[in-house]
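Structure first, then comments.
Protein chains: 4
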Amino acid sequence: MKKLWQKTGTKTAKIVHKYIISENLTEDQILLPYDIIASIAHVKMLNKIKILNDKEVSNIIGSLKEIYKLNEMGNFQLAGKYEDCHSAIENFLIEKLGDIGKKIHTGRSRNDQILVAIRLYTKDKIKELEKASLSLAKQILKFSKKYEFVAMPGYTHTQQAMPSSVGQWAGNFIEALLDDLKLLQCAFSLNDQNPLGSASGFGTSINIDREETTKLLNFAKTQVNSLYCQNSRGKFESFTISSLSQLMMTLGKIANDIIWFTSYEFNFFQIDKSLTTGSSIMPQKQNLDILEVLRANVSVIMSYDFQIKTAYHNLFSGYNKDLKISKHALIESFNITLNSINV
Amino acid sequence: MKKLWQKTGTKTAKIVHKYIISENLTEDQILLPYDIIASIAHVKMLNKIKILNDKEVSNIIGSLKEIYKLNEMGNFQLAGKYEDCHSAIENFLIEKLGDIGKKIHTGRSRNDQILVAIRLYTKDKIKELEKASLSLAKQILKFSKKYEFVAMPGYTHTQQAMPSSVGQWAGNFIEALLDDLKLLQCAFSLNDQNPLGSASGFGTSINIDREETTKLLNFAKTQVNSLYCQNSRGKFESFTISSLSQLMMTLGKIANDIIWFTSYEFNFFQIDKSLTTGSSIMPQKQNLDILEVLRANVSVIMSYDFQIKTAYHNLFSGYNKDLKISKHALIESFNITLNSINV
Amino acid sequence: MKKLWQKTGTKTAKIVHKYIISENLTEDQILLPYDIIASIAHVKMLNKIKILNDKEVSNIIGSLKEIYKLNEMGNFQLAGKYEDCHSAIENFLIEKLGDIGKKIHTGRSRNDQILVAIRLYTKDKIKELEKASLSLAKQILKFSKKYEFVAMPGYTHTQQAMPSSVGQWAGNFIEALLDDLKLLQCAFSLNDQNPLGSASGFGTSINIDREETTKLLNFAKTQVNSLYCQNSRGKFESFTISSLSQLMMTLGKIANDIIWFTSYEFNFFQIDKSLTTGSSIMPQKQNLDILEVLRANVSVIMSYDFQIKTAYHNLFSGYNKDLKISKHALIESFNITLNSINV
Amino acid sequence: MKKLWQKTGTKTAKIVHKYIISENLTEDQILLPYDIIASIAHVKMLNKIKILNDKEVSNIIGSLKEIYKLNEMGNFQLAGKYEDCHSAIENFLIEKLGDIGKKIHTGRSRNDQILVAIRLYTKDKIKELEKASLSLAKQILKFSKKYEFVAMPGYTHTQQAMPSSVGQWAGNFIEALLDDLKLLQCAFSLNDQNPLGSASGFGTSINIDREETTKLLNFAKTQVNSLYCQNSRGKFESFTISSLSQLMMTLGKIANDIIWFTSYEFNFFQIDKSLTTGSSIMPQKQNLDILEVLRANVSVIMSYDFQIKTAYHNLFSGYNKDLKISKHALIESFNITLNSINV
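Right under this line is the structure:
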């Protein structure tokens, strides 16, 4: 078999580069603090196994904390300067500390670095969502008690079927939210496994102490098989989004019911004007745009789940760049779900 | 607003009927035993709250057990005779016991009857899957220990990257299966809630004892809000299938890797001829059709998840016939996943 | 790299076999007539290029027509006897004609045989759908003219917005159906390409006359590249189903609007009782189950499109068994869409 | 039924507002030039039916062209100042021309304004894609002729099956691209219908001349039923994206094949280094990240199709804000597909 060779100029190379990294920096900016936290744990572990001495460690951790603070104040922008959050951190360390800065890369790869940052981010966001869901459930509980005996028809087949109450209608969403919380906990527990130390998917020749970073980063367990660490990328994200989609389905049902109940024909509820938007040619109308957008966002979350699963489908074992898209899908899903629940 | 009236003849009515019940009977045949088990619990509860006396109960339960046995021997076919498994049971009881047979319908509706049958079926099938997954994990463990030190390249980007071993490759699927088992347990726990007694979604005027059937049917808890019982249809099924899809994604990855590893170019493994099929024009070829079908079935399961979620989307609270499709989707998903794991 | 060997018994082999061919026979029974039509054209072409003489041709075509008639009368059942429709035809020919029967396999493979049968089936079904869509559009036109001036509110954001009429509401679906017809014609034109002669994807050493079968089978053109014939499997089916889904989206919108318009709150229309079904605990209720099932079937069709596209994703060029699932997806999609439009 | 009232403060109102318009401005910036082109046609039509006099028209068109130019130079930023591109245009006109500027809103609504802008954008982008696809097809043709007789195995079931050539392999993608072009033309033709004049979905009381804007904007026909104009939102976008997904499936197959063919095991091709990226711990490796990202983008496009279809599902006839999400989905789909084909 003759080998074929294709030549390309620098111009093409630029397009290539842009195609690969496009839009990634926004997500990397969000992951940066988690990358730093994991890096600190990694450095401490390297100290424990005597690869870094105490002084090196204190220098590196000092610089990492500096990035963390700069970033909090909005003064550590990746855009235009760095390829991803990992190289940004490394470059900063090298600039500050010279050769010592380079040592942080010992025994890890960008592949496990991104994995661990995403896990920490996911755990954090699930906690945030749990709080918001519980608070919503409590508000609905109050509402549902207040209107416990306000009569409202019960529907089957979109037809009035049985007498019911506003309280019963609202109450059903409390129980749904409590179930959704349990599913979020499943997703949390799936993500509560430390991939750090799996390197590019086949471990490292250095005798690192993976249990140490598990302990330092507060993971429930270490993900043992390093190839599985890579293969679980996309898998964990899609299960997480699938759990988010259950929560979104609950919010979507609330939104959809309210849209019908506030229509002229049903006229069960009225919504405060501050929540509605007007119409350019019918100024007297009060539209519940926000609930329609929420309803549509249920489809958006579902599609992110589908997107990752399809990208994962028929992929060869080991790291593949394909699942890079899961970063955007996951972060967008959390953003939308958190915004939706706050709304 | 004038009312419009559309006339239709009996011929149309038949088409309508056929359109609605098409293909449902196969699924109802599968759900029949679970419907009987739930019916027995319901009858016992009616006895406890003094709606049925001891003699009625023993008659009804006797007849229900008769259907159960007839069905086990393949002698209780729904096809052509009944609309669904619920009416089949009721008709049989009425034929056998006359008016006593009718009493089983007290305090329940076909809507909660189907819900509880599906839950019992789901719990049963998840247990079956758990057993099969564990057994597969054990086989892979044996294989992976046997070939622990047989060298094999580790891949990133479909390119040889690092030295690895057959054992490491195989081992990654054990850890994946154990994670999948945990997700199945989440699905089990979600389904472990008793909807019986919610009737058509707004409870019943009779003072039934829902905790009693929960206890008799071995559910972990009672699903309190009766409207939520209806609204959870589709929701629980889609989460269950979503968990199955995680397991299928693991099986699909095994299949896909093996397809490549047994190609002439990789040539890592050879597969026993009994597992392969020939070609009509190239008889010497050994094709791994079965793994390709398995790989495709991953998409089938994913699509069932998507199907239910889309059907659920923008549905008004309360029972809607739309989610009837979830019966087929769920049962097919279990069939395919169980067959796939056995293969 | 040492070769690993896995032994399996005959029992496993049976499971394998069942897993691969499960449910395929129903679809093959439907494709059988199209396979015969294509086989007749193939035989005539073999005659033209002097591979079969006139007598052989008349014998083979006679037997093929016999199968066609047997099948029309329901007397040519594949189930239990044959693996697929292709081997059924060949076995029948060999039994009838001995070695002459075998000659039909010259210059073709099961791979292009199934492709051509599916294309002929698809073209046929699209024609059927076009007729049904046009007839529905005409009925709506009549309805829309009759109620042209019956006032009805026009809605934006599910809120009454502007005065409108029943005629305008109904009329919007006519224009939608006409657009859907155009999309069906795109799908028809995509399928109107002859794959016969591409064999297993790399042509055949025999100098067959592909233009001849294109002419005989009334295809608009020959699909030139034989590898593309294989790679277009799944591609053509998914585009076809995607076009069907547009038609289903129109039918689903009609169904959904009517469900709301016949609710007590809107009360614009009443539907003849023959189209509705009763409730087991509320006998006075009239439920539009049929429209709910139709609405759910929109999701089913969408999911078949998604199923094929996901199965197609990341597949290596050339024939792969994965796309076998597209047979079921396509045929079910046509069945459901045809039934839906007739309803 | 008592009316329930929920009070909300201004803070909530801000969250609501942000939730609705988030991320829309990027898309509106892209649609702005098309909105201006449609506005010019609308103004000319208003002149023809004597609602605007010649002087008013020349003033308004002058200002519209000014925005167009400012925007071309990047000096007309929506972000932070406007809610959408429509209000930006109107505000600019009012500031410049006072009451005359307001007149542009006569006989149209934001609802048909966005529809027409999206149609013009879509037509433009399809033309661009057609050019790029044709150019790619030509490059592949050159490549395929050059290597017409370079032998390469033909594969079935991922196994070497028949002798083939590099030319045949490459040639199959030319035919696929030509089919994709036809599907793009279907999408073009579907979008080639003028919705302007349908206002919010129920026409306008002013006797506007819809054929005039159809002619001026170079549409093939006028979309007659004004309710259908609204109901076709989401429908047209999903069909368009579905056609894009077919093109992406072709590009994805090219990418996937090349990834395998350039692996060490196949080693058919080598790719110029400028197209590859290195690895942080294995600097000698050449990774085809770009093709992996492309492969993943196939899933992204598919998911946008699914997203819109799900959002469309079970929506009540008439304008609903839900389909706002189709703007982002469509524009992202075009961006990704165009970037992918250029890559």
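Residue numbers (the working numbering), protein chains in the order written: chain P, 10 to 352; chain F, 10 to 352; chain A, 10 to 352; chain R, 10 to 352. Note that the Cβ used here is the ideal one computed from N, Cα and C, for glycine as well.
Test: residue i CB closer than 7 Å to a CB of chain P
i	result
Gly163(F)	yes
Lys330(R)	yes
Leu13(A)	Because Leu13(A) sits at a pLDDT of 39, beneath the cut-off of 50, its placement in the model cannot be relied upon, and the following sentence gives the value as read from the coordinates. No - not a single Cβ of chain P is within 7 Å of the one on Leu13(A).
Leu347(F)	no
Tyr43(R)	no
Tyr237(F)	yes
For residue i, three-class secondary structure by DSSP
i	result
Asn62(A)	coil
Asn56(A)	helix
Asn296(R)	strand
Ile46(A)	helix
First and last residue of the uninterrupted alpha helix (DSSP H) at residue i
i	result
Ser326(A)	Segment: none, Ser326(A) is in no alpha helix (DSSP H) and carries neither H nor E.
Asn216(A)	Where Asn216(A) is concerned, there is no enclosing alpha helix (DSSP H), given that its DSSP letter is neither H nor E.
Lys333(A)	Run containing Lys333(A): none; DSSP gives neither H nor E here.
Residue i, enclosing beta strand (DSSP E) - first and last residue
i	result
Thr165(A)	Ala160 to Thr165
Contact with chain R by residue i, beta-carbon distance below 7 Å
i	result
Asp266(P)	no
Leu190(A)	no
Ala305(P)	yes
Met334(P)	First, the amino acid is wrong: residue 334(P) is Ile here, not Met. By this cut-off, Ile334(P) is an interface position.
Glu274(F)	yes
Gln255(A)	yes
Gln148(A)	no
His322(F)	yes
Residue-level contact to chain A via CB, residue i, 7 Å cutoff
i	result
Val125(R)	no
Leu225(R)	no
Thr167(R)	yes
Phe158(R)	no
Lys318(R)	yes
Asn181(R)	yes
Ile290(F)	Caution applies to Ile290(F), whose pLDDT of 48 falls short of 50 and renders its modelled position unreliable; the value that the coordinates give is listed next. For Ile290(F), the answer is yes, since a Cβ of chain A falls inside 7 Å of its Cβ.
Gln122(R)	no
C-beta neighbour in chain F for residue i, strict 7 Å
i	result
Thr131(A)	no
His51(R)	no
Glu184(P)	yes
Asn68(A)	no
Asn296(R)	yes
Per-residue contacts from residue i into chain C (C-beta, under 9 Å)
i	result
Lys154(P)	The structure shown contains no chain C; its protein chains are P, F, A and R.
*asked:* To test your reading of the DSSP string, which unbroken alpha helix (DSSP H) runs of 4 or more residues are found completely within the segment 227–283 of chain R?
replied: If one requires a minimum length of 4 residues, the alpha helix (DSSP H) runs lying completely within the segment 227–283 of chain R are 235–240 and 244–270, in chain order.
*Segments of 4+ residues assigned as alpha helix (DSSP H) that fall wholly inside the segment 131–210 of chain F*: For the segment 131–210 of chain F, whole alpha helix (DSSP H) runs of length 4 or above, ordered along the chain, are 175–200.
*What residue ranges within the segment 59–134 of chain P form continuous alpha helix (DSSP H) runs of no fewer than 4 residues, ordered along the chain?*
Whole alpha helix (DSSP H) segments, 4+ residues: 63–81, 94–106 and 108–111.
*the segment 264–274 of chain A contacting the segment 211–221 of chain A, beta-carbon criterion three pairs below 8 Å*: Contact between the segment 264–274 of chain A and the segment 211–221 of chain A is not established, with fewer than three Cβ pairs separated by less than 8 Å.
*Three-pair Cβ contact test at 8 Å for the segment 180–198 of chain F versus the segment 299–319 of chain F*: The segment 180–198 of chain F vs the segment 299–319 of chain F: no contact.
*Is the number of C-beta pairs between the segment 338–347 of chain P and the segment 137–151 of chain P that are closer than 8 Å three or more?*
Verdict: yes, contact present.
_Does the segment 66–75 of chain P come into contact with the segment 99–115 of chain P, if we say contact requires no fewer than three beta-carbon pairs (one atom in each stretch) closer than 8 Å?_
Flag = yes, the segment 66–75 of chain P and the segment 99–115 of chain P touch.
*Are the segment 226–246 of chain A and the segment 178–196 of chain R in contact at 8 Å, needing three or more beta carbon pairs?*
Judged by Cβ distances under 8 Å, the segment 226–246 of chain A makes contact with the segment 178–196 of chain R, as three or more pairs qualify.
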